[in-house]
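This report concerns only the one structure given below.
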Amino acid sequence: YLPELRFKQLPVEEDHDLSVFSIIQSRHFAYPLKPHQDLIKTDPIAFITGSMTHLEDDEKVALQLVVRRYASRKAVKIYNQLLGKGKTKIDGKLRYRILEYAWVWVPALVVGLLLQSWQIGAAVALILWVPSLFARKEEKELTQLETDLYAEVAAKLGQPLLQTDIRFAVHSADRTGKLVNDFVSSLEPLNTPGFQYLKLRKARFGARLRNYRSRLFTSRLSSVFPFNSSVLSTSELAALFHFPHGIIKTEGIVRSHSRTLPAPVSMRSGGEFDITIGMNKHHGTETPIGLTQAERERHMFVVGGTGSGKTTMLKYQIIQDIRNGKGLAIVDPHGDLAEELLEYIPEERKEDLIYLNPDDLDHPIGVNLLELPEGLTGNDLLREKDRVTESVISVMRKIFSEDDSGGHRIEYILRNTIQTALTLDKATLFTIFRLLNDGKFAKDAIKNLEDKDLRDFWKNELGKAGSMQKVKMAAGITAKIGRFLFSASARAMLEQEKSTINFDEILDGKILICNFSKGRLGEDTSMLFGVTVLAKLQLAALKRSEKKQADRKSFYLYVDEFQNFATLSFTQMLSEARKYKVFLT
């Protein structure tokens, strides 16, 4: 009993060069093969699989057992005689009769030939045979070997019998004979010496019946000729074929080192899933596995080794969300998933699709981190500037190296520089670089500053520092931003003064697919784009606090290698997912 057994059905290829051989019993089917109790120490499967594993290139072997129920009056008669008398003649009855009455027919034959009269020979035979009918015959005692044999015969015939076609198929250029002989030799542990063994049936009419035998093999049909079949008991069939267990050490056997588990009771009891992520197959029962809306609101983290199917599972979830009309964003640092998903966008949702591919320099999409919404004044403008400042700082903090010294000082300078840049028209990420690297540009910008604290920063702190000291103070920021000036894709996307996509609208039900392939963009640039998009989504999510809870649509964010993109402020926002209705996978 193997409850954790799993089957993998392989396609059958029609091979006209396949040689098919039949294996049959050597004597009457009532004679048993070796009892399965005697096979515990020497499992025949080890020998059978061992003979089938050492193959050369382009060689194939296959063992086929075609089984059907067998019913025979002869088997019942033999079994009843064994139960009644303890013995019986199983096969060769005519031969035994001829030998038993040789003293009758031999003299009669000699007399008939000498006198050239069959009537006289028949009369002599009759005279000799009739007295034997009244003679008392002594029962011959059975030897211990015969007693044991008849007991084993009775044990076999007392089980259900199965007509079994044992076929061995070989495809080999020049080793067919060797492979067949090796297989037949591997069956020797099943043999009962002197009484029963499995042998190779010699093929008659070889070339003419070759296609017929191959057709029976590929169609898995029983032979119409009984002499091509064997009759086995259930225990004999189990000894011939059973699944390898732990002690079988044959090379090349594919083993599964995991077991299936039943689906949790909560999933088997039913319920409405928002998405289905797979199918649980356990002991022949299939149970869909999925996540409800409430479960998705607690986020999802997928863990697994390379090639374990994480991306495939995410792809399956994303496709369901797309077809269900959900709003979602995908950040893919490899590019393959993003390109594959384009094929699954239904016609009715193509208007909702935004495909962000920075490598497409002919059609660049603009994303300005320092962009402020139009029409804001007073306190609303101040709040938005604070949000943008924190967002940009979180982006820069993510791309700063861990070994950067003076991190707090760098952040202080960066914060003042961002606030200054936000007072300028058409400011972008690279405006920060110009303020710290171009003295004339910074001087012109400072003239119009109304904020006293910002003026003091530029005049009293940076203004009083020497040239070399200024370089050291700003080096951490200019080095990080300046390297992206030499990236064509970064400049094309981040230097645009106005964003060409609206992240507020994206959160209201659009589809954003980001192809940030490291192989095309470079690892640092890919990270910058990923962090930038997450920062813009964060700003859009924070604005949702101005909407009523009922008006906030659920939005699903899929990020591969999330740990490389997530900023501290973004992860803090996700802890309040129910409030902003942005759910991460």
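Be aware that the sequence shown starts at 585, since it is given in this note's numbering, and climbs by one per residue.
Think of the CB as a built atom: it goes at the ideal place given N, C-alpha and C, for glycine as much as any other residue.
>> Rounded to the nearest angstrom, what separates Leu1118 and Arg1018 at their Cα positions?
In response: Position 534 of the sequence shown holds residue 1118. Position 434 of the sequence shown holds residue 1018. Across the structure, Leu1118 and Arg1018 are spaced so that their CA atoms are roughly 25 Å apart.
> Closest to Glu856 by CA distance: which of Ile873, Gly778, Asn952, Thr844 is it?
Replying inline: For the purposes of this step, residue 856 is identified with residue 272 of the sequence shown, where counting begins at 1. With respect to the C-alpha of Glu856, the residue from Ile873, Gly778, Asn952, Thr844 having the closest C-alpha is Ile873.
> To the nearest angstrom, how far is it from the Cα of Pro846 to the Cα of Pro773?
Replying inline: Start at 1 with the first residue of the sequence shown, and residue 846 comes out as number 262. Start at 1 with the first residue of the sequence shown, and residue 773 comes out as number 189. Between Pro846 and Pro773, the C-alpha separation is close to 39 Å.
>> Comparing C-alpha positions only, which one of Ile1030, Lys1132, Gln703, Cys1098 sits nearest to Ile914?
In response: Along the sequence shown, one-based indexing puts residue 914 at 330. Of the candidates Ile1030, Lys1132, Gln703, Cys1098, Cys1098 places its Cα closest to the Cα of Ile914.
> Exposed or buried, which one is Arg653 when buried takes at least 16 other CB atoms within 10 Å?
Replying inline: Here residue 653 refers to the residue found at position 69 when the sequence shown is read from its first residue. It counts as exposed.
> Starting from Ala913 and walking both ways along the beta strand (DSSP E), at which residues does that stretch end?
Replying inline: Numbered from 1 along the sequence shown, position 329 holds the residue referred to as residue 913. First-last of the beta strand (DSSP E) with Ala913: 911-916.
>> In this structure, how does DSSP classify Val604 when only helix, strand and coil are distinguished?
In response: Taking the sequence shown and counting its residues from 1, the one referred to as residue 604 is at position 20. The answer is strand: DSSP assigns Val604 an E or B state.
> Taking Cβ to Cβ, would you say Thr895 is nearer than 8 Å to Ser813?
Replying inline: For this step, residue 895 is matched to residue 311 along the sequence shown. For this step, residue 813 is matched to residue 229 along the sequence shown. Here Thr895 is not near Ser813, since their CB atoms are 8 Å or more apart.
> What's the gap between the Cα of Lys882 and the Cα of Asp916?
Replying inline: Mapped onto the sequence shown, residue 882 falls at position 298. Mapped onto the sequence shown, residue 916 falls at position 332. According to the sequence displayed, residue 882 carries Arg and not Lys. Here the alpha carbon of Arg882 sits roughly 22 Å from the alpha carbon of Asp916.
> Among all the DSSP beta bridges, which residues are the ones paired with Ile873?
Replying inline: Locating residue 873 in the sequence shown gives position 289, where the first residue counts as 1. According to DSSP, Ile873 bridges with Gly862.
> To which residues of the same chain is Ser975 closer than 6 Å at the C-beta, ignoring the five residues directly before and after it?
Replying inline: Walking along the sequence shown from the start, residue 975 turns up at place 391. The beta carbon of Ser975 is closer than 6 Å to those of Ala1119, Leu1123 in its chain, skipping five residues each way along the sequence.
> Taking all protein chains shown into account, do 16 or more other C-beta atoms lie within 10 angstroms of the C-beta of Pro942, making it buried, or fewer, making it exposed?
Replying inline: Taking the sequence shown and counting its residues from 1, the one referred to as residue 942 is at position 358. Counting Cβ neighbours within 10 Å, Pro942 comes out buried, since at least 16 surround it.
> Pro948: buried (16+ other C-beta within 10 angstroms of its C-beta) or exposed?
Replying inline: Counting from 1 along the sequence shown, the entry for residue 948 is found at position 364. So Pro948 ends up on the buried side.
> Tell me which same chain residues have a C-beta within less than 7 Å of the C-beta of Ala1005, skipping the five on either side of it?
Replying inline: The sequence position of residue 1005 within the sequence shown is 421, counting from 1. Sequence-distant Cβ neighbours of Ala1005 in its own chain, meaning closer than 7 Å and more than five residues away, are Leu954, Ala1011, Thr1015, Ile1016, Leu1019.
>> Just verifying my parser: in three-state terms, what is the DSSP assignment at Ala707?
In response: Translated into positions along the sequence shown, residue 707 becomes position 123. Correct three-state label for Ala707: helix.
>> Measuring straight from C-alpha to C-alpha, what distance separates Ala738 and Thr633?
In response: One-based indexing of the sequence shown puts residue 738 at position 154. One-based indexing of the sequence shown puts residue 633 at position 49. The C-alpha of Ala738 lies about 31 Å from the C-alpha of Thr633.
> Should Lys1056 be labelled buried (16 or more other beta-carbon atoms within 10 Å of its own) or exposed?
Replying inline: Locating residue 1056 in the sequence shown gives position 472, counting from the first residue. Its Cβ having fewer than 16 others within 10 Å, Lys1056 is exposed.
>> Quick check: Gln978 and Leu1091, are their CB atoms within less than 8 Å of each other?
In response: Counting from 1 along the sequence shown, the entry for residue 978 is found at position 394. Counting from 1 along the sequence shown, the entry for residue 1091 is found at position 507. Per the sequence shown, residue 978 should be read as Ser rather than Gln. In this structure, Leu1091 does not lie closer than 8 Å to Ser978 by Cβ.
>> Quick test of your reading: Ser580 and Leu1105, contact by CB under 8 Å. State the CB separation rounded to the nearest angstrom.
In response: Here the chain comprises residues numbered 585 to 1169, so residue 580 is not present and cannot be evaluated.
> What residue does the beta strand (DSSP E) around Ala753 start on, and which one ends it?
Replying inline: Start at 1 with the first residue of the sequence shown, and residue 753 comes out as number 169. From DSSP, the beta strand (DSSP E) with Ala753 extends over 745-755.
> Apart from the five residues just before and just after Leu639, which ones in its own chain have a Cβ nearer than 7 Å to its Cβ?
Replying inline: Along the sequence shown, one-based indexing puts residue 639 at 55. So the qualifying residues of the chain are Val645.
> In its own chain, which residues sit with a C-beta less than 6 Å from the C-beta of Lys783, not counting the 5 before and 5 after it?
Replying inline: Taking the first residue of the sequence shown as position 1, residue 783 is located at position 199. For Lys783, where only same-chain residues beyond five positions count, the Cβ hits under 6 Å are Ser610.
> By DSSP, does Gln1147 sit in helix, in strand, or in coil?
Replying inline: Your numbering for residue 1147 matches position 563 in the sequence shown. Of the three classes helix, strand and coil, the one that applies to Gln1147 here is helix, per DSSP.
> Helix, strand or coil for Phe1167 per DSSP?
Replying inline: As a first step, residue 1167 must be located in the sequence shown, where it is residue number 583. In this structure, Phe1167 counts as strand in the three-state DSSP scheme.
> What residues are listed by DSSP as bridge partners for Thr776?
Replying inline: Walking along the sequence shown from the start, residue 776 turns up at place 192. BP columns for Thr776 point to Gln780.
>> For chain B, check one thing: does any of its Cβ atoms lie closer than 8 Å to the Cβ of Leu1019?
In response: The displayed structure is made up of one protein chain only, and chain B is not part of it.
> Three or more C-beta pairs closer than 8 Å, one from the segment 1154-1169 and one from the segment 929-941: is that the case here?
Replying inline: No: the two stretches stay apart, fewer than three of their Cβ pairs being nearer than 8 Å.
> What does a CB cutoff of less than 6 Å around Glu820 pick up in its chain, not counting 5 residues either side in sequence?
Replying inline: Indexing the sequence shown from 1 puts residue 820 at position 236. The answer, listed in chain order, is Leu617.
> Can you name the start and end residues of the beta strand (DSSP E) that Val651 belongs to?
Replying inline: Walking along the sequence shown from the start, residue 651 turns up at place 67. Per DSSP, Val651 belongs to the beta strand (DSSP E) from 644-653.
>> Considering only their Cβ atoms, is the gap separating Leu602 from Phe801 smaller than 8 Å?
In response: What you label residue 801 is simply residue 217 of the sequence shown in a count that begins at 1. What you label residue 602 is simply residue 18 of the sequence shown in a count that begins at 1. Contact annotation: Phe801 and Leu602 have beta-carbon atoms nearer than 8 Å.
> So, is His604 buried or exposed, given that buried needs 16 or more other C-beta atoms within 10 angstroms?
Replying inline: For the purposes of this step, residue 604 is identified with residue 20 of the sequence shown, where counting begins at 1. In the sequence under discussion, the amino acid at residue 604 is Val, which differs from the His named in the question. The residue in question, Val604, is buried, as its Cβ has 16 or more Cβ neighbours within 10 Å.
>> Between the segment 890-910 and the segment 856-869, can you find at least three pairs of beta-carbon atoms closer than 8 Å?
In response: Touching, per the Cβ criterion.
>> Helix, strand or coil for Asn566? Go by DSSP, reduced to three states.
In response: Any question about residue 566 goes unanswered here, given that the chain covers just 585 to 1169.
> Along the chain, where does the beta strand (DSSP E) that runs through Asn1099 open and close?
Replying inline: Here residue 1099 refers to the residue found at position 515 of the sequence shown. Segment 1095-1099, the beta strand (DSSP E) holding Asn1099.
> Expressed to the nearest angstrom, what Euclidean distance is found between the alpha-carbon atoms of Ala655 and Pro744?
Replying inline: On the sequence shown, residue 655 is found 71 positions in, with the first residue counted as 1. On the sequence shown, residue 744 is found 160 positions in, with the first residue counted as 1. So the two alpha carbons sit approximately 9 Å from each other.
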